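Structure record follows, encoded as C-alpha cells.
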Ligand SMILES: Cc1ncc(COP(=O)(O)O)c(C=O)c1O
C-alpha cells in the first residue's frame with residue numbers, strides 16, 4: 025500500500041476523532057520507527073508511553089508468539105494460569121492487594137470509580153475529587169473526572185459525583201470535600217496536564233487527610249507506572265501508598281492491557297455481578313505484561329532510568345541557559361517536560377522533520393519520554409536534534425521569537 029492510499033482510506037473509512045500528523049509508520053524496533061518511505065526516526069515519545077520498552081521489545085514478542093499458539097482467549101468464568109501469574113507479579117512489585125484486569129487506562133479508572141462508589145455506599149458517599157489539569161480517560165465518567173473542561177464540555181449532561189481541586193494545593197482539596205466525598209484521585213505526575221510533579225509534602229498530607237476523613241486515595245499511574253520514573257511506580261518516590269492504583273500503557277509493552285489494583289479490604293467489594301470486562305486479563309495481554317515486568321527486572325531498566333535521567337535533565341537545563349525560550353525543565357526519571365514561553369507545536373514538528381519524535385501538551389510543554397532501556401549514546405543523539413531544532417526554530421539572536 026502506498027502513502028497516498030493509506031491516507032485516502034483513513035479519510036474515507038476511519039472516524040476522524042484524532043488529529044493526525046502527516047506520517048505513515050510501518051515498522052518499529054527499540055527506540056526507532058520507520059515511515060512508509062523508509063525514513064528512520066528516533067522515538068522519544070513511544071506510543072504515548074505505551075511502548076515504554078521501545079517498539080517490538082524482543083521478550084514481549086517471544087512471549088506473545090508462544091502464547092498465541094497456546095491459548096489466545098479464555099473467558100473470565102474460567103481460570104487461566106497466565107492471568108494468575110501476572111496478578112501475583114503485579115502485587116509483588118506494588119502493594120498488598122488484588123488486581124482487576126481490563127484493556128485500557130480509562131477502563132482501569134472506571135473500575136476505580138465503581139470501587140469507590142461501592143466503598144461509599146454504606147455511608148451514602150459517592151463523590152470523587154480529581155485535580156484540575158488531570159487526565160483520566162475518554163469514557164463519559166473518566167472524561168468527567170478529567171479536570172479539563174475542554175474534554176468534557178461537548179458531552180453534557182455529564183455524570184454526577186465529580187468535583188475538582190487544584191493540584192499540589194491541600195487547601196483547595198479541603199474546600200472541595202463535602203459529606204458526600206468518598207475518594208480523591210491524583211496522578212503523581214500530571215502527564216497530559218503538562219508534566220506537573222506532585223510535591224512530597226503534598227502527597228504525604230494527601231495520605232494523612234484521606235486517612236483522617238475515611239477517603240480512598242487513588243493514584244492514576246497509567247502514565248507514571250512501570251518504571252517510567254526510575255521506580256516501578258511513582259508512588260514509591262513519595263513513601264505514600266494509595267488505596268487504589270490504576271495502570272495501562274507500558275504495562276503491555278505495546279499490547280492492550282489495563283489493571284486496577286486495590287488494597288485488601290477494598291478489593292473484595294467487587295463481587296460477581298458488579299463488574300467485568302470480556303477481554304480483561306486474557307492470556308495474550310497477561311503474557312505480554314509478564315514479559316514487560318521480566319524485562320524491566322532482568323535488564324535493570326529502573327536503574328537505567330535513574331542513572332541517566334539526572335544527566336539528561338542537566339543537559340536539557342544547559343539548553344535552557346542558552347535558549348531563553350525554554351521556561352522550565354521538570355520531571356522525574358524519564359517523564360520529562362520542557363516548558364517553552366511560546367507554543368511548542370512548530371518546534372515538535374521541526375524535531376520530527378529532523379528525525380526525532382516528541383510530543384507537545386498544554387500548548388507549551390514538550391513531553392520527552394524516551395524508552396526505559398535507551399542508551400546514553402542515543403540520548404545524546406536526541407539531545408543534538410533538540411539543540412539543532414531549537415537553533416533553527418528560535419535562533420539565538422532572533423529577538424521577536426523570544427518571550428515578551
Ligand atoms: C494518566 C492517564 N490516565 C488515563 C489515561 C487513559 O488511558 P487510555 O487511553 O488507555 O484509556 C491516560 C491516557 O493518556 C493517562 O495519561
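Residue numbers (the working numbering): 25 to 428. Even for Gly, the Cβ is constructed at its ideal location relative to N, Cα and C. Everything numeric in this text was worked out from a predicted model, so none of it was measured.
Hey, could you find the ends of the beta strand (DSSP E) residue 80 is sitting in?
Per DSSP, residue 80 belongs to no beta strand (DSSP E) and is neither H nor E.
Name, in chain order, the residues that DSSP records as bridge partners for residue 154.
Its beta-bridge partners are 188.
Compute the distance between the beta-carbons of residue 56 and residue 67, then report whether it is under 8 Å.
Pairing residue 56 with residue 67 gives a Cβ-Cβ distance under 8 Å.
Where does the unbroken beta strand (DSSP E) through residue 283 begin, and where does it stop?
DSSP places residue 283 inside the beta strand (DSSP E), whose first and last residues are 282-287.
For residue 411, which three-state DSSP category applies?
Helix at residue 411.
Can residue 220 be considered in contact with ligand 1, in the sense that its beta carbon sits closer than 7 Å to one or more heavy atoms?
No; taking the cut-off as 7 Å, the Cβ of residue 220 has no heavy atom of ligand 1 nearer than that.
By the three-class DSSP mapping on this structure, what secondary structure does residue 99 have?
Note: residue 99 maps to coil in three-state DSSP.
Three or more C-beta pairs under 8 Å: does that hold for the stretch 265-284 against the stretch 124-144?
In short, these stretches touch, since the Cβ pair count reaches three.
Could you compute how far the alpha carbon of residue 343 sits from the alpha carbon of residue 381?
A straight-line Cα-Cα distance of about 18 Å links residue 343 and residue 381.
Give a single yes or no on whether residue 216 has its beta carbon closer than 7 Å to a heavy atom of ligand 1.
Result yes, Cβ under 7 Å from ligand 1.
Please state the DSSP three-state secondary structure of residue 234.
Of the three classes helix, strand and coil, the one that applies to residue 234 here is helix, per DSSP.
Grouping DSSP H, G and I as helix and E and B as strand, with all else coil, what is residue 357?
In the structure shown, residue 357 falls within a coil segment according to DSSP collapsed to helix, strand and coil.
For residue 37, count neighbouring Cβ atoms within 10 angstroms of its own Cβ and tell me buried if that reaches 16, exposed if not.
Its Cβ having fewer than 16 others within 10 Å, residue 37 is exposed.
Taking the alpha-carbon positions, what's the residue 341 to residue 277 distance?
Separation of residue 341 and residue 277 (C-alpha to C-alpha, rounded to the nearest whole angstrom) is 30 Å.
Residue 74, DSSP secondary structure in three states
Three-state result, residue 74: coil.
What distance in whole Å lies between the Cβ atoms of residue 69 and residue 378, which are believed to be in contact at a cut-off of 8 Å?
No, residue 378 and residue 69 are not in contact; Cβ-Cβ is about 15 Å, not under 8 Å.
I'd like to know whether the C-beta atoms of residue 304 and residue 125 end up nearer to each other than 8 Å.
Yes, the pair counts as a contact, with Cβ atoms nearer than the cut-off.
Check the DSSP bridge columns for residue 213 and list the partner residues they point to.
Paired residues: 221.
In this structure, what does DSSP give as the bridge partners for residue 383?
Residue 383 pairs with 391.
How should residue 33 be labelled, buried or exposed, when 16 other C-beta atoms within 10 angstroms of its C-beta is the threshold for buried?
Exposed is the call here.
Any non-hydrogen atom of ligand 1 within 7 Å of residue 133 CB:
Checking the Cβ of residue 133 against ligand 1 gives yes.
Does at least one heavy atom of ligand 1 sit under 7 Å from the Cβ of residue 140?
Result no, Cβ not under 7 Å from ligand 1.
At 3 residues or longer, and completely inside the stretch 107-137: list those beta strand (DSSP E) runs for me, N to C.
Contiguous beta strand (DSSP E) elements confined to the stretch 107-137 occur at 121-126, taking only those with 3 or more residues.
Nearer than 7 Å: is that true of the beta carbon of residue 372 relative to any heavy atom of ligand 1?
Look at residue 372: its beta carbon is at least 7 Å from all of the heavy atoms in ligand 1.
What are the start and end residues of the beta strand (DSSP E) that includes residue 269?
Segment 268-271, the beta strand (DSSP E) holding residue 269.
Tell me whether residue 247 counts as near ligand 1, meaning its Cβ is closer than 7 Å to at least one heavy atom of that ligand.
With a cutoff of 7 Å, residue 247 counts as near ligand 1, since its C-beta is closer than that to a heavy atom of the ligand.
How many angstroms separate the CA atom of residue 31 from the CA atom of residue 44?
A direct Cα-Cα distance of roughly 10 Å separates residue 31 from residue 44.
Say the cut is 7 Å; is the CB of residue 430 nearer than that to a heavy atom of ligand 1?
The displayed coordinates of the chain run from 25 to 428. Any statement about residue 430 would go beyond what the structure contains.
Count the other C-beta atoms from every protein chain shown that fall within 10 angstroms of the C-beta of residue 296, then say buried if there are 16 or more, exposed otherwise.
By the neighbour-count rule (16 or more Cβ atoms within 10 Å), residue 296 is not buried but exposed.
Closest by C-alpha distance to residue 89, when choosing among 310, 356 and 352:
Measuring from the Cα of residue 89, the nearest candidate turns out to be 310.
DSSP state of residue 59, grouped into three classes?
Reduced to three states, the DSSP call for residue 59 is strand.
Tell me the DSSP secondary structure of residue 241 in three-state form.
The answer is strand: DSSP assigns residue 241 an E or B state.
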